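Residue numbers (the working numbering): 13 to 103.
Each residue gets a CB set at the ideal place from its N, CA and C atoms; glycine is no exception.
These numbers were taken from a predicted model, which means no experiment stands behind them.
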Amino acid sequence: MSINIKPLADRVLVEPAPAETKTASGLIIPDSAKEKPLTGTVVAAGNGTKENPITVKVGDTVLYGKYAGTELAYEGKDYLIMRESDIFAII
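Structure follows, in structure tokens:
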């Protein structure tokens with residue numbers, strides 16, 4: 013996938029994973045009760061800074077904080093743009 017957004021410095025663009033629609037036992041979760049996903053895929057990354065080089069790369073699945081990043085809608089898809097320091101782990 014190619015996207016025309018290039019994050020600057022130590023920022024990354026993440027496509028959040030879809031929210032779960034069923035519980036492990038098979039119960040359907042209504043839209044009003046769905047949790048914001050905490051994982052996503054990196055779709056673009058900045059070049060980093062001298063103090064903070066970028067360690068994630070496009071295609072990495074990452075775990076981030078519940079309130080991390082700024083929501084962004086682009087060409088009908090939802091993304092989050094955040095500092096790499098808001099990412100907890102590559103999974």
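Looking only at its own chain, which residues have a Cβ that is under 8 Å from the Cβ of residue 56, when we skip the five neighbours before and after it? To locate residue 56, count along the sequence shown from 1; it is residue 44. Cβ neighbours of residue 56 beyond the five flanking positions: 15, 17, 18, 19, 24, 25, 70.
Please report how far the alpha carbon of residue 64 lies from the alpha carbon of residue 75, in whole angstroms. Residue numbering aside, residue 64 sits at position 52 when the sequence shown is read from its first letter. Residue numbering aside, residue 75 sits at position 63 when the sequence shown is read from its first letter. If you take the alpha carbons of residue 64 and residue 75, they lie about 19 Å apart.
Out of curiosity, what's the CA-to-CA distance linking residue 99 and residue 54? Within the sequence shown, the letter at position 87 stands for residue 99. Within the sequence shown, the letter at position 42 stands for residue 54. About 10 Å.
Rounded separation between residue 50 and residue 29 - CA only: What you label residue 50 is simply residue 38 of the sequence shown in a count that begins at 1. What you label residue 29 is simply residue 17 of the sequence shown in a count that begins at 1. Their backbone Cα atoms lie some 8 Å apart in a straight line.
Residue 73 to residue 88, Cα distance in whole Å? For the purposes of this step, residue 73 is identified with residue 61 of the sequence shown, where counting begins at 1. For the purposes of this step, residue 88 is identified with residue 76 of the sequence shown, where counting begins at 1. Their Cα atoms are separated by approximately 21 Å.
So, are the CB atoms of residue 22 and residue 58 less than 8 Å apart? To locate residue 22, count along the sequence shown from 1; it is residue 10. To locate residue 58, count along the sequence shown from 1; it is residue 46. In contact: residue 22 and residue 58 (Cβ atoms closer than 8 Å).
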